[in-house]
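First residue of the sequence shown: 312, per the numbering used here; consecutive thereafter. The C-beta atom is built at its ideal place from N, Cα and C for all residues, glycine as well. This report refers to the structure that appears directly beneath it.
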Amino acid sequence: MADGMLFVNTPLSIGAGIDARSGETRWIYNPKSYEEGTTTMSLTWSQRGVGYWDREGPAQARVVWGTGNGYLVCVMAQTGRPCDDFGVAGRVDLMEGIPRADRGRRDWLNALLYSVQSPPFVVRDTIITPASISSFNNTKEAPPGWMRGFDVRTGRVNWVFHTIPQGDEFGNDTWAGDSWRETGKVGVWTQMSFDEELGYLYLPTNTAAPDYYGGHRLGDNLFAESLVALDVETGQRVWHFQILHHGLWDYDLPAAPNLMDLTVDGRQVKAVVQVTKQGFVFAFDRVTGEPIWPIEERAVPLDTDIEGELPSPTQPFPTRPAPFEYQGVSIDDLVDFTPEIRQMAMTAVADFRIGPLYTPHSNAGTIFRPSAAGGATGAAGRSTPRPASSTSRRTTPGASCLCERRRPRTTPP
(Lines of atoms letter the chains of each structure in order from A; the text may use other names.)
(Lines give C-alpha, C1' and ligand atoms only; values in the text may rest on other atoms or scores of the structure.)
Protein backbone atom coordinates (compact mmCIF):
# COMPACT_ATOMS: atom_id res chain seq x y z
CA MET A 312 0.00 0.00 0.00
CA ALA A 313 1.28 3.48 -0.88
CA ASP A 314 -0.16 6.98 -1.30
CA GLY A 315 -3.63 5.83 -0.26
CA MET A 316 -3.71 2.98 -2.76
CA LEU A 317 -3.54 -0.77 -2.29
CA PHE A 318 -1.82 -2.63 -5.13
CA VAL A 319 -2.45 -6.33 -5.70
CA ASN A 320 -2.14 -9.01 -8.34
CA THR A 321 -4.20 -12.15 -8.78
CA PRO A 322 -3.15 -15.77 -9.44
CA LEU A 323 -3.74 -15.05 -13.15
CA SER A 324 -1.19 -12.17 -13.07
CA ILE A 325 -3.90 -9.49 -13.28
CA GLY A 326 -2.92 -6.30 -11.43
CA ALA A 327 -5.23 -3.84 -9.70
CA GLY A 328 -5.09 -0.53 -7.85
CA ILE A 329 -7.64 -0.15 -5.05
CA ASP A 330 -8.57 2.93 -3.03
CA ALA A 331 -7.41 1.94 0.45
CA ARG A 332 -10.07 4.02 2.20
CA SER A 333 -13.19 3.20 0.16
CA GLY A 334 -12.25 -0.17 -1.32
CA GLU A 335 -13.13 1.12 -4.78
CA THR A 336 -11.15 -0.43 -7.62
CA ARG A 337 -9.40 2.42 -9.44
CA TRP A 338 -7.85 0.38 -12.20
CA ILE A 339 -7.25 -3.14 -13.48
CA TYR A 340 -4.51 -4.21 -15.87
CA ASN A 341 -4.73 -7.67 -17.43
CA PRO A 342 -1.62 -8.83 -19.33
CA LYS A 343 -3.51 -12.02 -20.31
CA SER A 344 -0.54 -14.20 -19.45
CA TYR A 345 -2.82 -17.22 -19.00
CA GLU A 346 -3.45 -17.32 -22.75
CA GLU A 347 0.07 -18.67 -23.26
CA GLY A 348 -0.40 -21.73 -21.06
CA THR A 349 -0.22 -23.21 -17.60
CA THR A 350 2.17 -21.49 -15.22
CA THR A 351 5.49 -23.15 -14.43
CA MET A 352 4.58 -24.65 -11.09
CA SER A 353 1.75 -26.54 -12.73
CA LEU A 354 0.11 -27.78 -9.55
CA THR A 355 -0.88 -24.23 -8.60
CA TRP A 356 -1.47 -20.81 -10.08
CA SER A 357 -0.14 -18.23 -7.66
CA GLN A 358 1.12 -14.67 -7.41
CA ARG A 359 2.57 -13.28 -4.20
CA GLY A 360 2.48 -9.54 -4.78
CA VAL A 361 3.85 -6.53 -6.64
CA GLY A 362 6.74 -4.09 -6.41
CA TYR A 363 6.44 -0.30 -6.10
CA TRP A 364 8.71 2.64 -7.04
CA ASP A 365 8.13 6.33 -6.28
CA ARG A 366 11.53 8.03 -6.12
CA GLU A 367 10.23 10.80 -8.42
CA GLY A 368 7.04 11.39 -6.44
CA PRO A 369 3.52 9.92 -6.48
CA ALA A 370 2.65 11.25 -9.94
CA GLN A 371 5.48 9.21 -11.49
CA ALA A 372 5.14 6.16 -9.23
CA ARG A 373 5.22 2.75 -10.88
CA VAL A 374 3.91 -0.70 -10.01
CA VAL A 375 5.73 -3.77 -11.31
CA TRP A 376 5.02 -7.48 -11.19
CA GLY A 377 6.04 -10.68 -12.88
CA THR A 378 3.65 -12.86 -14.84
CA GLY A 379 2.96 -16.55 -15.12
CA ASN A 380 4.35 -16.57 -18.65
CA GLY A 381 7.63 -14.88 -17.78
CA TYR A 382 7.18 -11.15 -18.41
CA LEU A 383 7.97 -8.18 -16.18
CA VAL A 384 5.07 -5.71 -16.34
CA CYS A 385 5.33 -2.02 -15.41
CA VAL A 386 2.31 0.31 -15.08
CA MET A 387 1.69 3.80 -13.72
CA ALA A 388 0.54 3.53 -10.12
CA GLN A 389 -2.22 6.14 -10.41
CA THR A 390 -3.82 4.91 -13.64
CA GLY A 391 -2.70 1.34 -14.30
CA ARG A 392 -1.62 2.31 -17.82
CA PRO A 393 1.48 0.50 -19.14
CA CYS A 394 4.66 2.59 -18.97
CA ASP A 395 5.45 3.24 -22.63
CA ASP A 396 9.13 3.91 -21.92
CA PHE A 397 9.58 0.57 -20.14
CA GLY A 398 10.66 -2.32 -22.38
CA VAL A 399 8.17 -2.84 -25.20
CA ALA A 400 4.73 -1.39 -24.45
CA GLY A 401 5.33 -1.60 -20.71
CA ARG A 402 6.75 -5.07 -20.40
CA VAL A 403 10.07 -6.94 -20.61
CA ASP A 404 10.44 -10.53 -21.80
CA LEU A 405 12.28 -12.25 -18.93
CA MET A 406 13.01 -15.33 -21.03
CA GLU A 407 15.15 -13.28 -23.40
CA GLY A 408 18.83 -14.07 -22.87
CA ILE A 409 18.18 -17.09 -20.62
CA PRO A 410 19.47 -20.42 -22.01
CA ARG A 411 16.78 -23.03 -22.73
CA ALA A 412 13.99 -20.59 -21.83
CA ASP A 413 12.40 -20.79 -25.26
CA ARG A 414 9.10 -18.95 -25.41
CA GLY A 415 6.28 -21.31 -26.28
CA ARG A 416 8.14 -24.45 -25.25
CA ARG A 417 6.63 -26.63 -22.52
CA ASP A 418 8.07 -29.11 -20.06
CA TRP A 419 7.01 -32.75 -19.99
CA LEU A 420 4.09 -31.84 -17.73
CA ASN A 421 2.96 -29.45 -20.49
CA ALA A 422 3.64 -26.39 -18.33
CA LEU A 423 5.58 -23.26 -19.23
CA LEU A 424 9.30 -23.31 -18.46
CA TYR A 425 9.72 -19.94 -16.75
CA SER A 426 7.39 -17.89 -14.55
CA VAL A 427 7.54 -15.21 -11.88
CA GLN A 428 5.37 -15.72 -8.82
CA SER A 429 7.02 -13.74 -6.02
CA PRO A 430 7.11 -9.91 -6.09
CA PRO A 431 9.89 -8.19 -8.00
CA PHE A 432 12.21 -6.54 -5.49
CA VAL A 433 12.55 -2.79 -6.12
CA VAL A 434 15.51 -1.03 -4.50
CA ARG A 435 16.72 2.42 -5.44
CA ASP A 436 16.25 2.48 -9.24
CA THR A 437 16.69 -1.25 -9.81
CA ILE A 438 14.15 -4.04 -10.15
CA ILE A 439 15.44 -7.49 -9.20
CA THR A 440 13.27 -10.28 -10.53
CA PRO A 441 12.82 -13.68 -8.89
CA ALA A 442 12.15 -16.72 -11.07
CA SER A 443 9.95 -19.78 -10.68
CA ILE A 444 11.37 -22.75 -12.58
CA SER A 445 9.41 -25.92 -12.02
CA SER A 446 10.34 -28.36 -9.26
CA PHE A 447 8.07 -30.92 -10.87
CA ASN A 448 9.62 -31.40 -14.31
CA ASN A 449 12.55 -33.40 -12.89
CA THR A 450 14.76 -32.88 -15.92
CA LYS A 451 18.23 -31.41 -15.88
CA GLU A 452 17.74 -29.14 -18.92
CA ALA A 453 15.64 -26.50 -17.18
CA PRO A 454 16.49 -22.83 -17.72
CA PRO A 455 18.97 -21.38 -15.20
CA GLY A 456 17.61 -18.93 -12.64
CA TRP A 457 20.11 -16.15 -13.30
CA MET A 458 19.42 -13.06 -11.22
CA ARG A 459 19.11 -9.76 -13.05
CA GLY A 460 18.75 -6.11 -12.16
CA PHE A 461 16.57 -4.00 -14.48
CA ASP A 462 16.42 -0.22 -14.78
CA VAL A 463 13.07 0.81 -13.31
CA ARG A 464 12.60 3.57 -15.90
CA THR A 465 13.57 1.77 -19.10
CA GLY A 466 13.47 -1.95 -18.36
CA ARG A 467 17.03 -2.35 -19.62
CA VAL A 468 19.24 -4.96 -17.96
CA ASN A 469 21.72 -3.26 -15.62
CA TRP A 470 23.49 -6.43 -14.52
CA VAL A 471 23.32 -10.23 -14.53
CA PHE A 472 24.53 -12.52 -11.75
CA HIS A 473 25.11 -16.06 -12.99
CA THR A 474 23.78 -18.22 -10.18
CA ILE A 475 25.35 -21.14 -12.04
CA PRO A 476 28.84 -19.73 -12.70
CA GLN A 477 29.85 -19.65 -16.35
CA GLY A 478 33.25 -20.32 -17.90
CA ASP A 479 36.04 -19.07 -15.64
CA GLU A 480 33.74 -17.36 -13.11
CA PHE A 481 34.20 -18.03 -9.41
CA GLY A 482 32.48 -21.26 -8.39
CA ASN A 483 32.47 -22.85 -11.83
CA ASP A 484 34.88 -25.52 -10.56
CA THR A 485 32.17 -26.79 -8.19
CA TRP A 486 30.39 -28.25 -11.22
CA ALA A 487 32.00 -31.41 -12.55
CA GLY A 488 32.87 -31.39 -16.24
CA ASP A 489 30.53 -29.30 -18.36
CA SER A 490 27.50 -29.81 -16.12
CA TRP A 491 27.26 -26.04 -15.62
CA ARG A 492 26.39 -25.70 -19.31
CA GLU A 493 23.27 -27.84 -19.19
CA THR A 494 21.95 -27.69 -15.62
CA GLY A 495 19.04 -25.42 -14.74
CA LYS A 496 17.28 -23.72 -11.85
CA VAL A 497 19.45 -22.18 -9.07
CA GLY A 498 17.76 -18.84 -8.61
CA VAL A 499 15.48 -17.14 -6.12
CA TRP A 500 11.78 -18.00 -6.18
CA THR A 501 10.99 -16.44 -2.80
CA GLN A 502 11.58 -12.92 -1.47
CA MET A 503 14.89 -11.13 -0.92
CA SER A 504 16.34 -8.61 1.55
CA PHE A 505 18.29 -5.37 1.16
CA ASP A 506 20.52 -3.28 3.42
CA GLU A 507 20.17 0.34 2.27
CA GLU A 508 23.25 1.55 4.16
CA LEU A 509 25.54 -1.11 2.71
CA GLY A 510 23.83 -1.35 -0.67
CA TYR A 511 23.85 -5.13 -0.33
CA LEU A 512 21.17 -7.39 -1.74
CA TYR A 513 20.76 -10.77 -0.02
CA LEU A 514 19.66 -13.69 -2.20
CA PRO A 515 18.31 -16.98 -0.76
CA THR A 516 18.80 -19.40 -3.65
CA ASN A 517 17.20 -22.71 -4.53
CA THR A 518 18.19 -26.20 -5.67
CA ALA A 519 19.77 -27.15 -8.98
CA ALA A 520 17.67 -29.19 -11.41
CA PRO A 521 16.45 -31.77 -10.97
CA ASP A 522 15.72 -31.42 -7.29
CA TYR A 523 16.30 -35.01 -6.18
CA TYR A 524 19.04 -36.34 -8.47
CA GLY A 525 22.51 -34.92 -9.05
CA GLY A 526 24.38 -37.66 -10.89
CA HIS A 527 24.80 -35.41 -13.92
CA ARG A 528 25.93 -32.40 -11.81
CA LEU A 529 28.52 -33.82 -9.42
CA GLY A 530 30.23 -31.36 -7.10
CA ASP A 531 29.08 -28.81 -4.54
CA ASN A 532 27.11 -26.83 -7.19
CA LEU A 533 27.58 -23.18 -6.26
CA PHE A 534 25.53 -21.03 -5.87
CA ALA A 535 22.68 -23.45 -5.27
CA GLU A 536 21.07 -23.41 -1.81
CA SER A 537 23.27 -20.51 -0.76
CA LEU A 538 22.90 -17.12 0.85
CA VAL A 539 24.56 -14.66 -1.53
CA ALA A 540 25.25 -10.97 -0.92
CA LEU A 541 25.46 -8.78 -4.04
CA ASP A 542 26.24 -5.12 -4.60
CA VAL A 543 22.86 -3.91 -5.87
CA GLU A 544 24.41 -1.30 -8.20
CA THR A 545 26.71 -3.71 -10.03
CA GLY A 546 25.41 -7.22 -9.35
CA GLN A 547 28.89 -8.22 -8.16
CA ARG A 548 29.15 -10.89 -5.48
CA VAL A 549 30.35 -9.55 -2.13
CA TRP A 550 30.21 -12.81 -0.17
CA HIS A 551 28.31 -16.09 -0.06
CA PHE A 552 27.75 -19.09 2.15
CA GLN A 553 26.52 -22.40 0.77
CA ILE A 554 24.05 -23.85 3.23
CA LEU A 555 23.72 -27.20 1.44
CA HIS A 556 26.30 -28.85 -0.81
CA HIS A 557 25.09 -30.79 -3.87
CA GLY A 558 21.42 -30.54 -2.91
CA LEU A 559 19.28 -33.65 -3.36
CA TRP A 560 16.20 -32.92 -1.22
CA ASP A 561 14.64 -29.75 -2.70
CA TYR A 562 15.80 -27.81 0.35
CA ASP A 563 15.52 -24.40 -1.33
CA LEU A 564 16.09 -21.45 0.95
CA PRO A 565 12.40 -20.68 1.42
CA ALA A 566 12.19 -17.18 2.85
CA ALA A 567 13.78 -13.75 2.79
CA PRO A 568 16.68 -13.53 5.26
CA ASN A 569 16.09 -11.33 8.30
CA LEU A 570 18.32 -8.29 8.83
CA MET A 571 18.89 -7.95 12.57
CA ASP A 572 21.16 -5.98 14.90
CA LEU A 573 22.43 -8.43 17.51
CA THR A 574 24.53 -8.14 20.64
CA VAL A 575 27.01 -11.01 20.67
CA ASP A 576 29.50 -11.30 23.54
CA GLY A 577 29.00 -7.63 24.30
CA ARG A 578 29.56 -6.36 20.77
CA GLN A 579 27.02 -5.06 18.26
CA VAL A 580 26.75 -7.07 15.05
CA LYS A 581 24.80 -6.22 11.93
CA ALA A 582 23.44 -9.68 11.19
CA VAL A 583 21.61 -11.46 8.41
CA VAL A 584 19.73 -14.54 9.58
CA GLN A 585 18.44 -17.28 7.28
CA VAL A 586 15.93 -19.97 8.22
CA THR A 587 15.84 -23.21 6.22
CA LYS A 588 13.54 -26.04 5.28
CA GLN A 589 15.80 -28.34 7.31
CA GLY A 590 14.87 -26.41 10.46
CA PHE A 591 18.22 -24.65 10.84
CA VAL A 592 18.91 -20.99 11.59
CA PHE A 593 22.13 -19.65 10.02
CA ALA A 594 23.39 -16.29 11.30
CA PHE A 595 26.09 -14.19 9.60
CA ASP A 596 27.71 -10.80 9.86
CA ARG A 597 25.91 -9.13 6.99
CA VAL A 598 28.91 -6.98 6.12
CA THR A 599 31.54 -9.73 5.87
CA GLY A 600 29.56 -12.97 5.68
CA GLU A 601 31.43 -14.41 8.66
CA PRO A 602 29.31 -16.79 10.77
CA ILE A 603 28.24 -15.23 14.07
CA TRP A 604 28.43 -18.61 15.78
CA PRO A 605 30.53 -21.55 14.57
CA ILE A 606 29.21 -23.60 11.67
CA GLU A 607 30.64 -27.11 11.53
CA GLU A 608 31.14 -29.30 8.48
CA ARG A 609 29.91 -32.67 9.72
CA ALA A 610 29.98 -36.07 8.07
CA VAL A 611 26.61 -37.23 6.71
CA PRO A 612 25.44 -40.55 5.20
CA LEU A 613 26.98 -41.23 1.80
CA ASP A 614 25.79 -44.67 0.72
CA THR A 615 23.21 -44.79 -2.04
CA ASP A 616 22.30 -47.33 -4.70
CA ILE A 617 21.10 -44.65 -7.14
CA GLU A 618 23.30 -45.09 -10.21
CA GLY A 619 25.65 -42.18 -10.83
CA GLU A 620 24.80 -40.31 -7.63
CA LEU A 621 27.59 -39.08 -5.34
CA PRO A 622 26.30 -37.15 -2.31
CA SER A 623 28.47 -34.64 -0.50
CA PRO A 624 30.43 -36.31 2.34
CA THR A 625 29.83 -33.34 4.68
CA GLN A 626 27.21 -30.65 5.24
CA PRO A 627 27.19 -27.41 7.27
CA PHE A 628 25.57 -27.60 10.72
CA PRO A 629 25.13 -24.38 12.73
CA THR A 630 26.04 -24.80 16.39
CA ARG A 631 23.62 -22.04 17.46
CA PRO A 632 20.67 -21.57 17.60
CA ALA A 633 19.35 -25.11 18.02
CA PRO A 634 17.23 -26.55 15.17
CA PHE A 635 13.57 -25.57 15.37
CA GLU A 636 12.32 -28.68 13.54
CA TYR A 637 12.56 -32.44 13.91
CA GLN A 638 15.37 -33.80 11.73
CA GLY A 639 15.78 -37.33 10.43
CA VAL A 640 13.62 -40.42 10.89
CA SER A 641 13.99 -43.43 13.19
CA ILE A 642 11.78 -46.27 14.36
CA ASP A 643 11.32 -44.40 17.64
CA ASP A 644 9.48 -41.66 15.72
CA LEU A 645 6.69 -44.00 14.59
CA VAL A 646 3.24 -43.79 16.13
CA ASP A 647 2.88 -45.99 19.22
CA PHE A 648 -0.61 -45.39 20.60
CA THR A 649 -0.92 -49.15 21.01
CA PRO A 650 1.45 -52.06 20.32
CA GLU A 651 -0.73 -53.02 17.36
CA ILE A 652 -0.56 -49.56 15.83
CA ARG A 653 3.22 -49.46 16.35
CA GLN A 654 3.53 -52.80 14.53
CA MET A 655 1.39 -51.51 11.65
CA ALA A 656 3.65 -48.47 11.37
CA MET A 657 6.79 -50.61 11.39
CA THR A 658 5.32 -52.79 8.66
CA ALA A 659 4.47 -49.72 6.58
CA VAL A 660 8.06 -48.44 6.59
CA ALA A 661 9.83 -51.81 6.51
CA ASP A 662 10.76 -51.56 2.83
CA PHE A 663 11.94 -47.95 3.06
CA ARG A 664 15.28 -46.56 4.08
CA ILE A 665 15.24 -44.24 7.10
CA GLY A 666 18.02 -42.41 8.87
CA PRO A 667 19.38 -39.04 10.02
CA LEU A 668 19.13 -35.74 8.20
CA TYR A 669 20.64 -35.90 4.69
CA THR A 670 20.14 -39.66 4.30
CA PRO A 671 20.45 -40.20 0.52
CA HIS A 672 17.69 -41.43 -1.74
CA SER A 673 17.48 -45.08 -2.73
CA ASN A 674 15.91 -47.31 -5.36
CA ALA A 675 13.54 -48.87 -2.84
CA GLY A 676 12.60 -45.53 -1.33
CA THR A 677 13.86 -43.23 1.43
CA ILE A 678 11.70 -41.49 4.02
CA PHE A 679 13.26 -38.20 5.06
CA ARG A 680 12.32 -35.39 7.43
CA PRO A 681 11.77 -32.52 6.99
CA SER A 682 10.35 -32.81 3.50
CA ALA A 683 10.69 -30.18 0.79
CA ALA A 684 7.66 -28.48 2.37
CA GLY A 685 9.74 -27.63 5.45
CA GLY A 686 10.71 -26.90 8.15
CA ALA A 687 10.55 -23.23 7.39
CA THR A 688 8.12 -21.99 4.76
CA GLY A 689 7.94 -19.02 2.42
CA ALA A 690 6.77 -16.65 5.16
CA ALA A 691 8.96 -18.02 7.94
CA GLY A 692 11.15 -16.06 10.31
CA ARG A 693 10.37 -12.76 11.99
CA SER A 694 12.41 -10.59 14.36
CA THR A 695 11.20 -8.05 16.91
CA PRO A 696 12.80 -5.06 18.67
CA ARG A 697 12.91 -7.18 21.79
CA PRO A 698 15.67 -9.80 22.18
CA ALA A 699 13.53 -12.49 20.59
CA SER A 700 12.50 -13.85 17.24
CA SER A 701 10.08 -16.43 15.95
CA THR A 702 9.51 -18.64 12.95
CA SER A 703 6.60 -20.61 11.61
CA ARG A 704 7.30 -24.22 10.81
CA ARG A 705 5.73 -27.18 9.12
CA THR A 706 6.40 -30.75 10.24
CA THR A 707 6.10 -33.06 7.26
CA PRO A 708 8.12 -36.11 6.20
CA GLY A 709 8.87 -36.85 2.57
CA ALA A 710 9.57 -40.01 0.59
CA SER A 711 11.54 -40.54 -2.59
CA CYS A 712 12.51 -43.39 -4.87
CA LEU A 713 13.80 -43.90 -8.39
CA CYS A 714 10.85 -44.78 -10.59
CA GLU A 715 9.80 -44.79 -14.21
CA ARG A 716 8.56 -41.45 -15.52
CA ARG A 717 4.87 -41.32 -16.26
CA ARG A 718 3.74 -40.60 -19.79
CA PRO A 719 3.58 -36.88 -20.62
CA ARG A 720 0.32 -35.10 -21.08
CA THR A 721 -0.79 -34.65 -24.67
CA THR A 722 -3.15 -31.73 -24.05
CA PRO A 723 -2.77 -28.67 -21.85
CA PRO A 724 -4.05 -29.16 -18.28
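{"query": "Within the continuous beta strand (DSSP E) that includes Ile678, where are the two ends?", "result": "Thr677 to Phe679"}
{"query": "Pull up the distance between the alpha-carbon of Pro681 and that of Tyr511, whole angstroms please.", "result": "31 Å"}
{"query": "Identify, in the order they occur along the chain, each residue of the same chain with its Cβ nearer than 6 Å to the Cβ of Met312, setting aside the five sequence neighbours on each side.", "result": "Ala331"}
{"query": "In angstroms with no decimal places, state the Cα-to-Cα distance between Val725 and Trp338.", "result": "Coverage of the chain is limited to positions 312 through 724, which leaves residue 725 absent and any answer about it impossible."}
{"query": "Would you report the Cα separation of Thr707 and Gln638, rounded to the nearest angstrom?", "result": "10 Å"}
{"query": "Specify, as a first and last residue, the run of the alpha helix (DSSP H) that Gln654 falls within.", "result": "Pro650 to Val660"}
{"query": "If you reduce the DSSP assignment to three classes, tell me which class Gln638 lands in.", "result": "coil"}
{"query": "So, Gly590 versus Pro634, is the Cβ gap smaller than 8 Å?", "result": "yes"}
{"query": "Note the first and the last residue of the continuous beta strand (DSSP E) segment covering Trp491.", "result": "Careful: Trp491 lies outside any beta strand (DSSP E), inside the alpha helix (DSSP H) at Ser490 to Glu493."}
{"query": "Does the count of Cβ pairs from the segment 512–520 and the segment 534–545 closer than 8 Å reach three?", "result": "yes"}
{"query": "Are Asp314 and Pro369 closer than 8 Å when you measure CB to CB?", "result": "yes"}
{"query": "Report the option in Gly362, Glu607, Pro521 and Arg492 whose CA atom is closest to the CA atom of Glu620.", "result": "Pro521"}
{"query": "Among Gly377, Thr658 and Val598, which has the Cα closest to the Cα of Ile642?", "result": "Thr658"}
{"query": "Would Gly456 pass as a contact of Pro565 if the rule is Cβ separation under 8 Å?", "result": "no"}
{"query": "Please return the same chain residues whose Cβ sits closer than 6 Å to the Cβ of Ile409, not counting the five positions on each side in sequence.", "result": "Pro454"}
{"query": "Would you identify the three-state DSSP class for Asp436, choosing helix, strand or coil?", "result": "coil"}
{"query": "Whole angstroms is fine: what's the gap from Phe472's alpha carbon to Asp365's?", "result": "26 Å"}
{"query": "Which value, in whole angstroms, describes the spacing of the CA atoms of Gly259 and Cys712?", "result": "What is shown of the chain runs 312 to 724, which leaves residue 259 out entirely."}
{"query": "Starting from Glu607, trace the beta strand (DSSP E) both ways and give me its first and last residue.", "result": "Ile606 to Ala610"}
{"query": "I'd like the list of long-range same chain contacts for Pro698, defined as Cβ closer than 6 Å, with 5 residues on each side in sequence excluded.", "result": "Note that Pro698 scores a pLDDT of 47, beneath 50, so its modelled location is shaky and nothing firm can be said."}
{"query": "With a threshold of 6 Å on Cβ separation, who are the neighbours of Ala487 within its own chain once the five nearest residues in sequence on each side are excluded?", "result": "Leu529 and Gly530"}
{"query": "Please report how far the alpha carbon of Pro476 lies from the alpha carbon of Tyr669, in whole angstroms.", "result": "25 Å"}
{"query": "Let's test the definition: count the other Cβ atoms within 10 Å of the Cβ of Ala400 and tell me whether it reaches 16, buried, or not, exposed.", "result": "exposed"}
{"query": "What residue does the beta strand (DSSP E) around Asn483 start on, and which one ends it?", "result": "That residue, Asn483, is in no beta strand (DSSP E); it is neither H nor E in DSSP."}
{"query": "What's the C-alpha gap between Ala710 and Asp616?", "result": "16 Å"}
{"query": "Across the segment 544–553 and the segment 566–580, are there enough close Cβ pairs to call them in contact, namely three or more that are closer than 8 Å?", "result": "no"}
{"query": "Find out if the Cβ-Cβ distance for the pair Met503, Ile439 is shorter than 8 Å.", "result": "yes"}
{"query": "Which residues bound the beta strand (DSSP E) around His551?", "result": "Arg548 to Gln553"}
{"query": "With Ala540 as the anchor, note down where its beta strand (DSSP E) starts and where it stops.", "result": "Ser537 to Asp542"}
{"query": "For His557, collect the residues of the same chain with a Cβ closer than 6 Å to its Cβ; drop the 5 residues on either side in sequence, then sort them by chain order.", "result": "Gly525, Asp531, Asn532 and Ser623"}
{"query": "For Trp356 and Asp413, I'd like the C-alpha separation in whole angstroms.", "result": "21 Å"}
{"query": "Please identify the residue among Tyr345, Glu636 and Phe552 whose C-alpha is closest to the C-alpha of Lys588.", "result": "Glu636"}
{"query": "Going by Cα to Cα distance, which pick from Asp462, Pro629 and Thr350 is closest to Gln601?", "result": "Just to set this straight, residue 601 is Glu in the shown sequence, not Gln. Out of Asp462, Pro629 and Thr350, Pro629 has the C-alpha closest to the C-alpha of Glu601."}
{"query": "Rounded to a whole number of angstroms, what is the C-alpha to C-alpha distance between Thr378 and Phe593?", "result": "32 Å"}
{"query": "List the DSSP bridge partners of Asp404.", "result": "Tyr382"}
{"query": "In this structure, how does DSSP classify Pro322 when only helix, strand and coil are distinguished?", "result": "coil"}
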